[in-house]
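**Student:** Shown below is the structure under consideration.
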Amino acid sequence: MSMLPKRIIKETERLIADAAPGINARPHEENLRYFDVDITGPEQSPFEGGIFKLELFLPEEYPMTPPKVRFLTRIYHPNIDKLGRICLDILKDKWSPALQIRTVLLSIQALLSAPNPDDPLANDVAQHWKDNEPEAIAKAREWTLNYAERITPPQ
Amino acid sequence: MSYPLGNYFYNNGEPSTLGQSSSSQSLFDASTADKIDYSHPSLGKTLINDFRDLVGTGVSPSVLENLLKTSSGNLELAVNNYFDNKMDKENLVNGEAEPPRPASLRRNLNSINYSPDYVEQPSSKRTRKHSNARDWKRKHLGSILVNGQSTVRSERLIKSGDKVTFQSQVFFQKPSRGRKRSRQSCWQNTMLRFNSVNGTQLGIIDDMQLTYMVANLMDAGVCEFEGEVVYIGDADGNIEINDEILIDMKIYILYAAFSREPTFSLSRENTKFIITGPNSVAEHKATDRKNAIMYMFEQCKIKAKQSSVLTQEHKQAGTLDAERIQEHFQNEEWTGFRSASIHQSLYNEEEETSSNISDQQLNALYEKAQRLDLNIPEAEPPAHTFLFKLRRYQKQALHWMLSKETLDPNQTKPTSLHPLWEEYEFPGQADDTEETIADDQPNKFFYFNPYTGELSLDFQKVDHCRGGILADEMGLGKTIEILSLIHAVKYPTIDPNQCDIVDLTEDSKPSSSKSVHRSTSSSTYERFPAIATTLIVCPMSLLSQWRDEVKNVSASQTLSVELYYGKQRNWDLKSIRSRKAILPDVLVTTYGVLMSEFTDEERKPATSPLFNVEFFRIVLDEAHTIKSKITKTAKACYALRAERRWALTGTPIQNRLEDIYSLVHFLRHEPWSNFQFWKKYIQTPFDKKDIRALGVVQGVLEPLVLRRTKNMRDSNGQPIIDLPCKDVEIEFLEFSPEEQDIYDSIYTHSKTKFNYYCQAGSVLSHYAHIFQLLVRLRQVCDHPILAISKSKNTVDDFVEDGVNFSAFDAEGNLNIDRLIERFMTNYGEQDHSTNYQLEMLEKLKYGDDFSNKECPICYENLVNGVLLPCMHSACRQCIMNYFQSQVTSGKSGQCPVCRRGPITENDLLDIVRKNDNVCDNKNIASSSSPGAAMEFDDASLKLSAKLGALLRHLNQLRQGNKMTEKCVVFSQFTSMLDLVGDVLSKENFTFVRLDGTQQQSEREFVLKEFKKTGIDIMLISLRAGGVGLNLTAASRAYLMDPWWNSSIEDQAIDRVHRIGQKTEVRVIRFIIKNSIEEKMLSIQKRKNAIACGLGMSKDEMKAQRLEDLRELFS
């Protein structure tokens, strides 16, 4: 593997030094392009109270190509499929090299707050969301409780 | 308590000569001495009885007689002499050396003094030879009887006559909290011990003042002290603790005290100022030393033989002690005369530290000088060489200057003492057996400066101040006045040959150049007299004007003039020395040249011609240039050599009283040129708001300053000058709707920022930034384009930054205009991004940030940075890679940050960092070259409200065939002048331009051109044209934009409305309605009102500033 570009080093430093709230990303020691990510479920969302694990990989062409990101924790979300793949425009055709790991993760966090069933990846979930949103939300909550690592709710 | 018993010695204190040499005026005059003893006046009888009471009855009559004779009827003296000198031993009866003493000694000594005045011996004729015979180590100054207390109990440890030594000891070291210690605590902290010769501690001297004196003098190496026990309570030598021991303390002044320059001193010739805070350690020590010396003199009853009246007054008033002064002034009720500030230059970049001075105060300061100036007689310059016809007041000025250059005969005595110094005579040496000191013996006298505490053996000569401050108001013709002086006195009246001979003999040495070097490397390097040369130092812009004026007023071949500037430095030190170079009568140079030569001179002494020549006369034009005494320029001016010194300035005090100190120092006007002195008697009282300080300053300035104002009237009630009237008119203009939009947007943006700072309470700390915002707003008032464009023409801007932004279009041509145009056409459509773009354009304009701007793609600082149309930037390589990847995925290029697109390579604008600073001055100066960037189609360059108004005025003039009236157009923005220039050339007006970027030669050319017919208009930058220039060829002035301070504008107007103006002057100030300019106007007005009223304190001023800013953004 070629030398790590300065951009990645800088990004990593900034991520660690100045972490975004609710987002925690650490590079693997043996592969600095591979990150373990924890995203805290946003408040007021069905994912509140959960901590979701993700993996993030910076391909060789980064930043000309977007990073690859996947949920490791199971999640009931219309834009995230069973394998944890995420449907988000900036991770695909709307990628721009001016974006970065932080903005990507913030976008994902935002996606948790605002699911978009009109642009689904997991068709069944999206359908559920459209048909009966309260029920879908309840299910998402249940999944969060079951799968996402729990945090003690604040008293 | 101690008993300053007074003079133990007297002037020629040799016992053997007592009777003969004494010529006292007292009762016991030598002629009547025989009759006194037992029968003569009752006073004498009383004296003798008292003496016997004190000393015992065993004194023989002859001894007594002698004593009384020599002590001039002063019992104290007599007693002292008796004990101290043991008198003439033959006359003393054996065993009487240690007579029993009554316990009431103290009281008696204190109360008995029959001769109220110490009678001074008539001083013998003084000769002041500075002999090198300094083979002495110390000299006896006098003795004091001090009262010690034993701290030991012993038997037979000491007896009368034993020597003791003194030792000061700090016994209680307080942790010093501040640097300032009170005098009181000094005394308490120190203890004076006396020990026997073999080192045994005997006791202490329980007297705080004496301890303070002795400790300080010993520490400072000024004096040595020796003691001798004269009395102990028990004749057997048994002492108890707390027993009283009387000691005769002999004071010797050390030779070293004279040779050592106290480090704190401000030597008069010294150009290196030591500026220390009032409480700095060094200064504190100096004060201690000074006070100790003064106290010692007082104790020893040494009086100055010669001392200035002023010093005596100060001594009497006790004001020589700074602390006392301060306390004094602090208690003083403050009335009316407030030291505060003229709330001046609110937006001046420069922060004034000390309190400013108000106009009212200034008027008061000048008042006295002005009142007297009306009645000066007139003097005529030599008509055959001086061609200009002087006005009446100018002749008065000439007379005044002539009288200032001619020394007052009272001062011409070479022996007159420097007013700050006092002369003292070494007293005779009481314990010395040397014969009487002959009159011509070296080191008979010594000198003491009671202000600084300096001691010296050399006679302190006064530096005569020949010259003064010519402070006539602007436009009264200071130049002409000084030129008339140069014509009137071209050569020194003394025989110049003398100097020549000295110099020639020096030169005749074969190895002349080498000897120069050697002789100059020593501290006393010599100066070469430029015996008939007047050196004129002026700001660069006035250089040629001076030369021209000299030529204009002088009949041909009567006065030679040369410039000393740039490459025109025709002579060097060597050629002057060897007399190869002929020095001109008048040499004109600039402050800049002076300063750079001074720097060189400091590094490599004796190289600069300016500083190694003794000029005949020095004239500083616009002398307020050196108002700050710590600047290098000021120091350079101080270092110049000439006996005749003149300072020309219309504003001797610009902001602070201290401004004028620098001039006084340059003029060497003693004693005020001593900063300590100045500070103590003028600055400090003034700052403490002492009403009397005003009187002192007036007194100082009155003989030194000649100031007349334009509206002064002569003794006949006629105005001293009459200029054609001037008509200043403000023309209010309104923005076009487009301009209004742009202005509003920028205004809102600025206001938001300001409010933010307001809320954060950090307005004053973001002053610079707010200032920038304000500048931009003001530029918009001139023309919106000024605020957003980085014109290539504003060369001074990018020379400063070293950054130039060029825009490549497809042909590779520079085209930042396109960028601006594009921006202008898009304006209003894409509102959300406008602010960012504006900001970036702003940054471009100020060369801001781009050097460390990060590429959004590689996160490195920009490498070959490019600017996208949306004003985002990136490395060229990075953005091209990105475009490449976009294209391969079938998309078109877009901005990585804002996705605006499509963008192709051709849309990228390179950011070029310009390091070589090469810029084409020629083009800029004429501003008409086709390559200049600021070129617009008729369509694209819309006239702003102001440009339109100006054009309207000029066209009216042209149509009315009034183009005989020349016009001056002022603006403070060179970019505005660019625009005006473009418009004027389009309209076929002929014009020239003068701004700060031009070299001197260019300026000269421009000024000359403007005087020719055919050139009708001059564009001039407000700041460059503010000083000195003479633009009387014009009779109309247009001020495109207001300045914060109306006085700057007035100054600009006065360039046109000054002596020589023959027609009525019309001035038009353009102001945009409902804009920041109108608010500036009201602030201007209020400022003037404030300046005339009472001053303000610093806090008030701060509040006012904030208030002003609020008003601007209201």
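Read top to bottom, the protein sequences are chains A and B. For the first sequence, this note's numbering begins at 4 and goes up steadily by one. For the second sequence, this note's numbering begins at -10 and goes up steadily by one. Glycine residues also receive a C-beta, built at the ideal position from the N, C-alpha and C atoms.
1. Decide yes or no for the touch test of the stretch 963 to 974 of chain B against the stretch 1049 to 1069 of chain B: beta carbon pairs closer than 8 Å, at least 3 of them.
2. So which residues of chain A does I892 (chain B) contact, with C-beta pairs closer than 9 Å?
3. Should L695 (chain B) and A460 (chain B) be called a contact, given that it needs their Cβ atoms to be closer than 8 Å?
4. Once you ignore the five residues that flank V608 (chain B) on each side, which residues in its own chain have a CB closer than 6 Å to its CB?
5. Would you kindly check if the distance between the Cβ of P845 (chain B) and the Cβ of P885 (chain B) is under 8 Å?
6. Measure how close the beta-carbons of P66 (chain A) and P100 (chain A) come, nearest whole angstrom, since I'm counting them as under 8 Å.
7. What first and last residue would you give for the beta strand (DSSP E) that runs through V107 (chain A)?
8. Please report how far the alpha carbon of I1037 (chain B) lies from the alpha carbon of I649 (chain B), in whole angstroms.
9. A1022 (chain B): which of B:S1035, B:A1041, B:T1052, B:W1032 sits nearest, CA to CA?
10. In chain order, what residues of the same chain lie with their CB nearer than 6 Å to the CB of L35 (chain A), ignoring the 5 residues before and after it?
11. So, using beta-carbon positions, are A1104 (chain B) and R606 (chain B) closer together than 8 Å?
12. Using the three-state DSSP reduction, which class does P4 (chain B) fall into: helix, strand or coil?
13. For S110 (chain A), return the contacting residues in chain B, with the cut-off set at a CB-CB distance below 8 Å.
14. In the stretch 555 to 627 of chain B, which residue ranges form an unbroken alpha helix (DSSP H) of at least 4 residues, counting only runs that do not cross its ends?
15. For Y553 (chain B) versus T588 (chain B), is the C-beta distance shorter than 8 Å?
16. State the Cα-Cα distance for the pair I774 (chain B) and M701 (chain B), rounded to the nearest angstrom.
17. My assumption, with CB atoms under 8 Å, is that L115 (chain A) sits in contact with P45 (chain A). Please give the rounded CB distance.
18. I'd like to check one pair, R765 (chain B) with I735 (chain B): are the Cβ atoms closer than 8 Å?
19. Exposed or buried, which one is C867 (chain B) when buried takes at least 16 other CB atoms within 10 Å?
20. Measuring only the C-alpha atoms, how far is E691 (chain B) from D610 (chain B)?
21. Please confirm whether S874 (chain B) has its beta-carbon closer than 8 Å to some beta-carbon of chain A.
22. Could I get the ranges of all uninterrupted beta strand (DSSP E) runs contained in the stretch 198 to 236 of chain B, with 3 residues as the minimum, in chain order?
23. For the stretch 92 to 109 of chain A, enumerate the residues whose C-beta is nearer than 7 Å to any C-beta of chain B, in chain order.
24. Which value, in whole angstroms, describes the spacing of the CA atoms of G723 (chain B) and I1057 (chain B)?
25. Quick check on DSSP: helix, strand or coil for N136 (chain B)?
26. Between the stretch 978 to 997 of chain B and the stretch 1038 to 1049 of chain B, do three or more beta carbon pairs fall short of 8 Å?
27. With 8 Å set as the bound, which would you pick, yes or no: does the beta-carbon of I846 (chain B) sit closer than that to a beta-carbon of chain A?
28. Distance check for T741 (chain B) and H772 (chain B), CA to CA, integer angstroms please.
29. Can you find the residues in the same chain that come closer than 6 Å, C-beta to C-beta, to I1072 (chain B), ignoring five residues on each side of it along the sequence?
30. Anything in chain B within Cβ reach of E81 (chain A), meaning under 8 Å, just list it in chain order.
31. Residues in the stretch 61 to 73 of chain A with C-beta within 8 Å of chain B's C-beta atoms, listed in sequence order?
32. Mind listing the chain B neighbours of R10 (chain A)? Cutoff is C-beta to C-beta under 7 Å, in chain order.
33. What are the boundary residues of the beta strand (DSSP E) that G457 (chain B) is part of?
34. Less than 6 Å between C-beta atoms, sequence neighbours within five positions excluded: which residues of the same chain meet that for Q458 (chain B)?
35. For T468 (chain B) and H758 (chain B), what's the separation of their Cα atoms in angstroms?
36. Quick check on DSSP: helix, strand or coil for L775 (chain B)?
**Tutor:** Put simply:
1. no
2. In chain order: nothing, as chain A lies at least about 13 Å away.
3. yes
4. I471, I525, W635
5. yes
6. 4 Å
7. It is not in any beta strand (DSSP E) - V107 (chain A) instead sits in the alpha helix (DSSP H) that spans 104 to 116.
8. 21 Å
9. B:T1052
10. L7
11. Lying before the first or after the last residue shown, residue 1104 (chain B) is absent from chain B, which here runs from -10 to 1103.
12. Bear in mind that the predicted position of P4 (chain B) carries a pLDDT of just 40, short of 50, making it too unreliable to give a figure here.
13. Per Cβ cutoff of 8 Å: no residues; S110 (chain A) is ~15 Å from chain B at best.
14. 562 to 566, 580 to 592
15. no
16. 46 Å
17. 5 Å
18. yes
19. buried
20. 20 Å
21. yes
22. 212 to 221
23. S99, P100, A101
24. Checking the displayed sequence, the identity of residue 723 (chain B) turns out to be Glu instead of Gly. Each residue's alpha carbon lies about 16 Å from the other.
25. strand
26. no
27. yes
28. 22 Å
29. D1097
30. The sequence shown places Pro at residue 81 (chain A), not Glu. Ordered by position in chain B, no residue passes the 8 Å Cβ test against P81 (chain A), which lies about 25 Å from the chain.
31. E64, P66, M67, T68
32. C847, Y848
33. 455 to 459
34. The sequence shown places Ile at residue 458 (chain B), rather than the Gln named in the question. So the list reads A636, P641, L652, L693, V694, once near-sequence residues are dropped.
35. 41 Å
36. helix
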